[in-house]
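**Student:** Dropping a structure here in C-alpha cells format, bear with me for questions.
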Amino acid sequence: MNLYAGARWRQGGRMRLVRTLQLSTAVIGLLASAACAPEQAASSGARELTVADFYSDTHSIGVAGVQPYMKLVEKRSGGRLRFDYRTSEQLAAAEDIHHAVRAGAADVGNVLYMGSQNPMMYVPQLPGLYRDRDVVGASQAFWTFVRTNSVMRRTFREWNIKPLFCFTLSNYQMQFSDPSIDSMDDIRGKQLRAAGSILPFSIRAAGATSIDLNAGEAYDAFNRGVIDGLSLSVTSVKDYSFYELIQSAIVDLNLGGFPVCYGMNLDTWNSLPPRDQRVLNRAGDATVSATAAELRRQITEDLAEWRKQGIRVHHAKPGKRFRKRIAAVESEWVDQLVGDGMDRAEVERSIEQWKRLLRAEIGN
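Here the sequence shown is numbered in numbering that gives the first Met the number 0, starting from 0 and rising by one per residue.
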C-alpha cells in the first residue's frame, strides 16, 4: 500500500515458512539479549524500548510520525524512556512486526500488517468520506475509533498490544505516465497499480482497472508501459522511485486514506510506572494531530513541486454518479469481510461508528 506500506502489501514469492523462521530467530535473539537490558538500563537510569519499523529513517511517514513521537517521549520523560529505533525491517519483516510485538521481541512496532487479524483498522480506506484538507480531523476520528471500537479493542487485547498512536494519511489519488490525462473521462479503462483490501474496489468504481503488483513489479510495469499508472497519496509519491515516471496526476478523487498505527507490547506497557504511561499516552495524542497537520501542509508543497517538475495536475470535481459508485464500495468491503468470517452486524456497526466520529470531527 505504501508504496508507503502498500508497496509490500502482497509480497509475491515470499514463503510463510521463511517469514516464520526469520521471526523466530529474531524473537530468540532479542529475548536472549534482553537479559542484559535491566543491568544496562539501571546503569543509565533509563528504560530503552526497541521499536520495529519497515519504513526507512528518511521515509516521510516515519519522519513526520514515529520519529517526533520518540523525541517527545524522551523529552517529556526527562530521559527515563529512550528508544532503539530499528528501521527498514531490521528487526522483522513488515508483515511480521505485529507478531514480534506480541511476543515481546519488540517493545513497540508499526502494526499495519495486522490486516487479516484486525481488518477494521482499515476503515480510513473507505472512499469519499473526507477530503485531503480534512486529514487532521480524520486522524483524530480514527484515533478515537481505535480506542473505543469494540472490535479494535478486543483484537488488540487478544494480540497483547496496546495502541500508542494511530493516524491516517490523506487520500489515495491517481498518477499516470501519460501527460495527456487531464480529466476523469480519461481514467476509464486505465490499468492502475492498487494495493490493499479496499483500494482495488475504489479504483474499479472510478472506472479504471486495478492491478495487484508488489513495489518492484509495479516500477518495472510502469516503466515499460504495462500499466498506465498507480494510486498513491500525494505526500507518499516522493518516497518512491515511481516519482520519476509520473507525467500527470488527478487529485481530489478522495479514494480513501491510509492508516498508520504503532503499538506496544502489553506486558511492557504494564511494567511501566503510571507516570511513564501518562507520558506515552499524552505524546501519542499530540502526535496524531501534529503528524496529520504536517502531512496536510506537505500536500500543497508537494503539488507545487510536481508542477515545477512538469507533472500536469488536474483537480477532479466528482459528480453525483461518481460519488454513488464510490459509495457502493462500502457494501463490497462488508461482503468481503463477512465472507472471511466476520459478523455482518458487527462490521456494519463499526463502519457506522467510524462515519459518526468522522462527521463529528470534520462536520460533513
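All residues carry an ideal CB built from backbone N, CA and C; glycine is no exception. Because the structure is a prediction, the values reported are computed rather than measured.
Going by the CB atoms, is the gap between Ile249 and Asp181 shorter than 9 Å?
**Tutor:** Yes; because the gap between Cβ atoms is below 9 Å, this pair is in contact.
**Student:** Just curious, the beta strand (DSSP E) that Ile151 is in, first and last residue?
**Tutor:** Sequence inspection shows Met at residue 151; the Ile mentioned does not correspond to that position. Counting along the chain, Met151 falls outside any beta strand (DSSP E), though it belongs to the alpha helix (DSSP H) covering 149 to 157.
**Student:** In its own chain, which residues sit with a C-beta less than 8 Å from the C-beta of Arg156, not counting the 5 before and 5 after it?
**Tutor:** Here the set comprises Leu265.
**Student:** Taking contact to mean at least 3 C-beta pairs separated by less than 8 Å, is the region 194 to 201 in contact with the region 254 to 262?
**Tutor:** Verdict: yes, contact present.
**Student:** By Cβ distance, which residues of its chain are closer than 6 Å to Asp238, with the 5 residues on each side in sequence left out?
**Tutor:** Around Asp238: His58, Ser59.
**Student:** Hey, out of Lys354, Arg306, Ala282, Arg324, whose CA is closest to Phe164's CA?
**Tutor:** The residue with the shortest Cα to Cα distance from Phe164 is Ala282.
**Student:** Are the CB atoms of Trp158 and Gln116 within a distance shorter than 9 Å?
**Tutor:** Yes; because the gap between Cβ atoms is below 9 Å, this pair is in contact.
**Student:** Are the CB atoms of Lys354 and Leu128 nearer to each other than 9 Å?
**Tutor:** Going by C-beta atoms, Lys354 is nearer than 9 Å to Leu128.
**Student:** For Ile245, which beta-bridge partners are listed by DSSP?
**Tutor:** Ile245 pairs with nothing; no bridge assigned.
**Student:** Take Cys35 and list the residues in its own chain whose beta-carbon comes closer than 7 Å to its own, dropping the five residues that flank it on each side.
**Tutor:** Here the model assigns Cys35 a pLDDT of 41, short of 50, so the residue's position is not dependable and the matter cannot be decided.
**Student:** Count Cβ pairs between the region 279 to 299 and the region 338 to 349 that sit closer than 8 Å; are there 3 or more?
**Tutor:** Because the criterion of three Cβ pairs below 8 Å is not met, the region 279 to 299 and the region 338 to 349 do not touch.
**Student:** Give the range of the alpha helix (DSSP H) segment to which Pro273 is assigned.
**Tutor:** Here the alpha helix (DSSP H) through Pro273 covers 273 to 307.
**Student:** Could you check whether the region 218 to 237 touches the region 293 to 302, counting it as contact only if at least three pairs of C-beta atoms, one from each stretch, sit closer than 8 Å?
**Tutor:** With a cut-off of 8 Å, the region 293 to 302 and the region 218 to 237 count as touching, because enough Cβ pairs lie within range.
**Student:** Can you find the residues in the same chain that come closer than 6 Å, C-beta to C-beta, to Pro123, ignoring five residues on each side of it along the sequence?
**Tutor:** Cβ within range, chain order: Phe141, Thr167, Gly256, Pro258.
**Student:** Flag this pair as yes or no: are the beta carbons of Phe241 and Ala217 separated by less than 9 Å?
**Tutor:** A contact, by the Cβ cut-off of 9 Å.
**Student:** To which residues of the same chain is Gln89 closer than 7 Å at the C-beta, ignoring the five residues directly before and after it?
**Tutor:** Answer for Gln89: no residue qualifies.
**Student:** Taking the alpha helix (DSSP H) that Arg324 belongs to, which residues open and close that run?
**Tutor:** 319 to 326 is the extent of the alpha helix (DSSP H) around Arg324.
**Student:** In whole angstroms, what separates the C-alpha of Val135 from that of Gly224?
**Tutor:** Roughly 36 Å between the two C-alpha positions.
**Student:** Between Ala102, Leu71, Ser87, which has its C-alpha nearest Phe53's C-alpha?
**Tutor:** It is Ser87 whose Cα lies nearest to the Cα of Phe53.
**Student:** Could you tell me the boundaries of the beta strand (DSSP E) in which Val225 lies?
**Tutor:** Element bounds for Val225: n/a, residue is neither H nor E.
**Student:** When we look at the beta-carbon of Ala303 and count the other beta-carbons within 10 Å, is it buried (16 or more) or exposed?
**Tutor:** Its Cβ having fewer than 16 others within 10 Å, Ala303 is exposed.
**Student:** At what residues does the beta strand (DSSP E) containing Ile210 begin and finish?
**Tutor:** Note, Ile210: beta strand (DSSP E), 208 to 210.
**Student:** Could you give the first and the last residue of the continuous alpha helix (DSSP H) run that contains Asn269?
**Tutor:** Note, Asn269: alpha helix (DSSP H), 265 to 270.
**Student:** For Ala327, collect the residues of the same chain with a Cβ closer than 8 Å to its Cβ; drop the 5 residues on either side in sequence, then sort them by chain order.
**Tutor:** Answer for Ala327: Ala204, listed in chain order.
**Student:** Quick check on the burial criterion: 16 or more other C-beta atoms within 10 angstroms. Buried or exposed for Glu351?
**Tutor:** When all chains shown are included, Glu351 counts as exposed.
**Student:** Mapping DSSP to helix, strand and coil, what is Ser176?
**Tutor:** In the structure shown, Ser176 sits in coil (DSSP, three-state: anything other than H, G, I, E or B).
**Student:** Helix, strand or coil: which one does DSSP assign to Glu38?
**Tutor:** At Glu38, the pLDDT of 35 sits below 50, so the modelled position is not reliable; the number obtained from the coordinates is stated separately. Helix, per DSSP.
**Student:** Measure the CB-CB distance between Val312 and Ser247 and report whether it falls below 9 Å.
**Tutor:** Cβ distance < 9 Å, so Val312 and Ser247 count as in contact.
**Student:** From what residue to what residue does the beta strand (DSSP E) around Ala51 run?
**Tutor:** Residues 46 to 51.
**Student:** Going by the CB atoms, is the gap between Gln190 and Gly228 shorter than 9 Å?
**Tutor:** Yes, they are a contact pair.
**Student:** Tell me which residues share the same chain as Ser209 and place their Cβ nearer than 7 Å to its Cβ, disregarding the 5 neighbours each side in the sequence.
**Tutor:** Contacts found: Leu191, Ala193, Pro199, Ile202, Arg203.
**Student:** Please identify the residue among Met69, Thr267, Val287 whose C-alpha is closest to the C-alpha of Phe144.
**Tutor:** Among Met69, Thr267, Val287, the Cα nearest to that of Phe144 belongs to Val287.
**Student:** Tell me, please, which residues DSSP counts as bridged to His313.
**Tutor:** According to DSSP, which records beta bridges pairwise, His313 is partnered with Ile249.
**Student:** Any chance you could list the beta strand (DSSP E) runs of at least 3 consecutive residues sitting entirely within the region 89 to 118, in chain order?
**Tutor:** Taking only runs of at least 3 residues, the beta strand (DSSP E) segments lying wholly in the region 89 to 118 are 107 to 109.
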